[in-house]
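**Q** Supplied in structure tokens, the structure appears directly below.
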Amino acid sequence: LTSSSSSSSMSSSSSSIGVRRHRRCPRCDARVANARAAVCAECGCAVDEDARLGTEARRSLAEYPSSSSYDDDDDDDDTGLRRQALAVDGLPDFDSGPPMDGSEYLRRVAYEARQMPNVMRAHVIDERAYTSVTESASTHSVVRDDEAHLAPPIWATPQREWTRRTVGDFSDLRVRITRTLAMRDSAHNSCAYPANHDRRGWQTLCESEHYPPLSAVLALDAVTCAYLLRHVSSKLHKFGYEYSASDADTDSISEITRLTRWFFAFSARVDLPLDADTSASIRSAMKGAARARMLTTSEHDPAIPHLNLAIAIGGDYFKQWKSSAVAIAE
1058 LTSSSSSSSM SSSSSSIGVR RHRRCPRCDA RVANARAAVC AECGCAVDED ARLGTEARRS
1118 LAEYPSSSSY DDDDDDDDTG LRRQALAVDG LPDFDSGPPM DGSEYLRRVA YEARQMPNVM
1178 RAHVIDERAY TSVTESASTH SVVRDDEAHL APPIWATPQR EWTRRTVGDF SDLRVRITRT
1238 LAMRDSAHNS CAYPANHDRR GWQTLCESEH YPPLSAVLAL DAVTCAYLLR HVSSKLHKFG
1298 YEYSASDADT DSISEITRLT RWFFAFSARV DLPLDADTSA SIRSAMKGAA RARMLTTSEH
1358 DPAIPHLNLA IAIGGDYFKQ WKSSAVAIAE
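In structure tokens:
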């Protein structure tokens, strides 16, 4: 029994040794002749499991390989920036339509990544086209300066002292309104005006009233006031780009007067700092007002004072437009 067991163990060990002598590299499929070899002599790949784990551990430590390593082996997708972060098994099924789960999506991403080379090269750009674009950009500005493009004529340019005084008076008005709101009871809102959530009712009030009542401005909350300021600003922008001084009539002058008065009223009530949408709407209103002012034909145009007032508030106070005021000549 002893001899038979020993012989069987010897045969099993010899058979196992024989199997190990004919191992193949899992990477290049080369035969590993040496039974004790842990690394393939052809490609350097780890053959044993323990050696493979050790090799992967050494690879994981090299997070930033040297520049020469990128040129040594272009087919090694397991190192560098192209290392796969989320491991998935199997091949993608492109015939099934859009991916139905995350695993299928990752399979497709990994498949597409394997099709890409390690180094991407762009085609040579035509230098003549590049030169023409450069010359065009140097001749014509890519970003137009709205303030310079919509600069007022000399007869519509306000004086710097008038602008400074107007902005100072407007700032004092905002302080007085803030103090009045602080002392005012929140339940004191008049029933003559729409509720704060009734924005369509406030829009109708703005279109019907040419003189904004102070009580109406005080009845507004901060959110509704900012909304109405954006609404009036959009109307002012649209009117400025539809305005024509040569075809201006009484209705046009009445409309620009009404819009600038409500713009002034809501600007005096709106809370600071302005949100991004309100700031953008004020700047759009400045573009419309500046364009309407640019189209005026004489200093006697009745729209000039109202347009200059709106631009002084939106530009010099809210800083949404570059000032075009000039100093008084000595």
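Here the sequence shown stands for residues 1058 to 1387, where the numbers follow this note's numbering.
We put the beta carbon where it would ideally sit given N, CA and C, even for glycine.
Note that the structure is predicted; figures quoted are calculated from it, not measured.
Suppose you measure from the CA of S1338 to the CA of V1166; what does that come to, to the nearest Å?
**A** 43 Å
**Q** Please list the segments of the alpha helix (DSSP H) lying wholly inside the region 1197-1230, counting only runs of 4 or more residues, in order along the chain.
**A** 1203-1206
**Q** Looking at chain B, is there any beta carbon in it that lies within less than 9 Å of the beta carbon of P1251?
**A** Protein chain content of the structure displayed is limited to a single chain, and chain B is not contained in it.
**Q** Need the endpoints of the alpha helix (DSSP H) that W1378 sits in, please.
**A** It is not in any alpha helix (DSSP H) - W1378 carries neither H nor E in the DSSP assignment.
**Q** DSSP on D1152, reduced to helix/strand/coil?
**A** helix
**Q** Which of helix, strand or coil does DSSP assign to D1328?
**A** Shown here, D1328 sits in coil according to DSSP, grouped into three states, outside any helix or strand.
**Q** V1261 to P1251, Cα distance in whole Å?
**A** Just to set this straight, residue 1261 is Thr in the shown sequence, not Val. So the alpha carbons of these two residues sit roughly 10 Å apart.
**Q** Here's the rule: buried if 16 or more other CB atoms are within 10 angstroms of the residue's CB, otherwise exposed. What is Q1141?
**A** exposed
**Q** Check whether the region 1264-1284 and the region 1355-1368 touch, using three or more Cβ-Cβ pairs below 8 Å as the test.
**A** no
**Q** Is the Cβ-Cβ distance between H1294 and K1344 less than 9 Å?
**A** yes
**Q** Considering only C-alpha positions, which residue in the set A1144, L1143 and L1163 is nearest to F1151?
**A** L1163
**Q** Indicate the three-state DSSP secondary structure (helix, strand or coil) for V1076 in the structure shown.
**A** Because V1076 sits at a pLDDT of 41, beneath the cut-off of 50, its placement in the model cannot be relied upon, and the following sentence gives the value as read from the coordinates. Helix at V1076.
**Q** For P1209, tell me which candidate among A1346, D1332 and G1371 has the shortest Cα-Cα distance.
**A** Measuring from the Cα of P1209, the nearest candidate turns out to be A1346.
**Q** Please report the residue range of the alpha helix (DSSP H) in which V1176 lies.
**A** V1176 -> no alpha helix (DSSP H), and no H or E assigned at all.
**Q** What distance in whole Å lies between the Cβ atoms of A1369 and V1224, which are believed to be in contact at a cut-off of 8 Å?
**A** Confirmed, Cβ separation roughly 6 Å.
**Q** Can you grab the Cα-Cα spacing for the pair L1110 / C1085, in whole Å?
**A** With a pLDDT of 45 at L1110, under the threshold of 50, the predicted position of this residue should be treated as unreliable, and no value is reported.
**Q** Taking Cβ positions, are E1356 and W1212 nearer each other than 9 Å?
**A** yes
**Q** If you follow the alpha helix (DSSP H) that T1335 is in, where does it begin and where does it stop?
**A** A1333 to M1351
**Q** Tell me which residue opens and which closes the alpha helix (DSSP H) that T1281 is part of.
**A** A1279 to E1299
**Q** Roughly how many angstroms separate the alpha carbons of G1154 and M1173, rounded to a whole number?
**A** 22 Å
**Q** Using CA coordinates, which residue listed in R1178, Y1268 and D1373 is at the minimum distance from T1317?
**A** The candidate whose alpha carbon is nearest that of T1317 is Y1268.
**Q** Here's the rule: buried if 16 or more other CB atoms are within 10 angstroms of the residue's CB, otherwise exposed. What is A1283?
**A** buried
**Q** Tell me which residue opens and which closes the alpha helix (DSSP H) that L1364 is part of.
**A** I1361 to I1368
**Q** Please confirm whether A1349 and S1291 have their CB atoms less than 9 Å apart.
**A** no
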